[in-house]
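Read through the structure below, which is laid out as structure tokens, and then see the notes.
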Amino acid sequence: MSQNQEIDYQHPTKQDQIRFFVFTFVLVIGITAGYFLGIPRYYLGWFSFAIASFSVAGNDAVQTIGTFIESKKSVHWLHKILVFGGLLFFVHLLAWFFHGGEIHFHRLDSIPETKEFNLLQLLAPVLLVVITRLRAPVSTTFLVLGLFGGKSIDQMLTKSFFGYGLAFLVAIVVWAILVKVDPHEYHEVHTPDPVSERRWSRLQWLSTMYLWVAWLFQDTANIAVFLPRQLGLFEFLVAVFILIFALLVIIRTNGGTIQQVVSEKSDIQWAKAATIVDLVYGSLLFFFQAISNIPMSTTWAFLGLLAGREIILNVITYKDLPYLDTFRKVGKDVVLATIGIVVSILIFFLSYFLYPEQRKSTPLEFWNSTNQEDSL
Numbered sequence: 001m002s003q004n005q006e007i008d009y010q011h012p013t014k015q016d017q018i019r020f021f022v023f024t025f026v027l028v029i030g031i032t033a034g035y036f037l038g039i040p041r042y043y044l045g046w047f048s049f050a051i052a053s054f055s056v057a058g059n060d061a062v063q064t065i066g067t068f069i070e071s072k073k074s075v076h077w078l079h080k081i082l083v084f085g086g087l088l089f090f091v092h093l094l095a096w097f098f099h100g101g102e103i104h105f106h107r108l109d110s111i112p113e114t115k116e117f118n119l120l121q122l123l124a125p126v127l128l129v130v131i132t133r134l135r136a137p138v139s140t141t142f143l144v145l146g147l148f149g150g151k152s153i154d155q156m157l158t159k160s161f162f163g164y165g166l167a168f169l170v171a172i173v174v175w176a177i178l179v180k181v182d183p184h185e186y187h188e189v190h191t192p193d194p195v196s197e198r199r200w201s202r203l204q205w206l207s208t209m210y211l212w213v214a215w216l217f218q219d220t221a222n223i224a225v226f227l228p229r230q231l232g233l234f235e236f237l238v239a240v241f242i243l244i245f246a247l248l249v250i251i252r253t254n255g256g257t258i259q260q261v262v263s264e265k266s267d268i269q270w271a272k273a274a275t276i277v278d279l280v281y282g283s284l285l286f287f288f289q290a291i292s293n294i295p296m297s298t299t300w301a302f303l304g305l306l307a308g309r310e311i312i313l314n315v316i317t318y319k320d321l322p323y324l325d326t327f328r329k330v331g332k333d334v335v336l337a338t339i340g341i342v343v344s345i346l347i348f349f350l351s352y353f354l355y356p357e358q359r360k361s362t363p364l365e366f367w368n369s370t371n372q373e374d375s376l
């Protein structure tokens, strides 16, 4: 490959895939060996935190900076990392300072700190790396926090499914209004005016920053769960450096293979479309944060938003795209996300059977014991 030829990170070659899975296998062996050799919990937690920084952020990047990546491929990566990496540092610095060394924005308040990690908890970020590579937009909340969530997991499920439904309805209302206001703009062959596109392009920086902060408030907990709840200054700096480095890799690879979830959606490559998606989605995340501190799957809310938008745009515009194809794209995202939940639940029950400390009741009673907790 010549130096000037752009690497297609969304469609890795066979050799790339082999190297990836070999590296993943080495990670699994390393974590397993460290666990059985008795490496202290503190260091195992930091190692899984580093992997989770790449896997959680990598899978969720499609819903945060995915639209930005799709419409800003011509912008140099350094500008992107300075803005979003700097914002990541500043937001977590404020959380660390005002919350007594905590960086999870109260999302772990309902989840007790783990005294000793079990092997499934440590391997969950690696499994998420594989799932992300397979282009599946799964819930990182269920796949990671589900193994720590204990009695709050049913509330996480309820809030996440509610999030999908609300985002779906909001998208239908918002884009139905937008299409009625200017139907020509949403026509399949519409190309934005260059002057208007530049104006919206500047606004998109602000909307993506707004969404990025909303996501950090919601999903940093999925990564920080592997760390001590209170971090010293040096620990905080190391943690943030790892997060920024993970963000750099995501930006440099243009979102990776999972970016296709956004790429195939209608007109999302234009700045105005991406800006509106970011504003609506970011506002939804802030709303969900306001109603409770229970963690939720932001992936489901994002898929609900894209599904409602994609369907309404194809129902009330003059596009030639068959409705069946529209529902296929929307349905594929839901099926993949559902598989992620099923895998998470299976791992949850497997953890129950493998680790004695969870055997205070039958598996079903242990799962249903969450009903004694408060609702949303």
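Okay, so the sequence shown: first residue is 1 according to full-length UniProt numbering, each after it adds one. Cβ coordinates follow ideal geometry from the N, Cα and C atoms, glycine included. This one's a predicted model, so the numbers in the text were calculated from it and none came from an experiment.
Apply the 10 Å Cβ neighbour rule to residue i and answer buried if 16 or more other Cβ atoms are within range, or exposed otherwise.
i, result
"T220", "buried"
"H184", "exposed"
"V343", "buried"
"F54", "buried"
"K73", "exposed"
"L313", "buried"
"D60", "buried"
"W270", "buried"
"G58", "buried"
"F288", "buried"
"Y42", "exposed"
"I251", "buried"
"W77", "exposed"
"R309", "buried"
"Q204", "buried"
"R133", "buried"
"P295", "buried"
"F105", "buried"
"Q63", "buried"
"G38", "exposed"
"Q372", "Here Q372 scores only 43 on pLDDT, less than 50, and its place in the model should not be relied on; the value that follows carries that caveat. Classification of Q372: exposed, given that the 10 Å Cβ count is below 16."
According to DSSP, is residue i part of a helix, a strand, or is it coil?
i, result
"V195", "helix"
"Q289", "helix"
"Q230", "coil"
"T208", "helix"
"V225", "coil"
"H79", "helix"
"K73", "coil"
"P112", "coil"
"T64", "helix"
"residue 381", "For the chain, the structure presents residues 1 to 376; residue 381 sits outside this window and is missing."
"F148", "coil"
"S266", "In this prediction, S266 scores a pLDDT of 48, lower than 50, which makes its location untrustworthy; the coordinate-derived value is nonetheless stated afterwards. If DSSP states are grouped into helix, strand and coil, S266 belongs with coil."
"N254", "coil"
"I244", "helix"
"I39", "coil"
"I341", "helix"
"I294", "coil"
At which residues does the alpha helix (DSSP H) containing residue i begin and terminate?
i, result
"I31", "14-36"
"F162", "153-181"
"W300", "298-316"
"T220", "Note, T220: premise wrong, no alpha helix (DSSP H); not H, not E."
"P125", "119-133"
"F105", "F105 -> no alpha helix (DSSP H), and no H or E assigned at all."
"F142", "140-144"
Beta-carbon within less than 8 Å of residue i's beta-carbon, same chain only, minus the 5 sequence neighbours each way: which residues are those?
i, result
"L350", "L120"
"E197", "W270, A271, K272"
"I345", "F142, G146"
"F90", "none"
Looking only at its chain, what residues have a beta carbon closer than 7 Å to the beta carbon of residue i, apart from the 5 residues adjacent to it on each side?
i, result
"G45", "F117, F226, L227"
"G165", "G304"
"V28", "L123, V126"
"S266", "Note on S266: pLDDT 48, under 50, position unreliable in the model; no value is reported."
Might you give, ordered along the chain, the residues of its own chain that have their beta carbon closer than 6 Å to the beta carbon of residue i, omitting 5 neighbours on each side?
i, result
"H92", "I103, V240"
"R19", "none"
"S207", "T275, D278, L279"
"I242", "A50, S53"
"G101", "Q230, L231"
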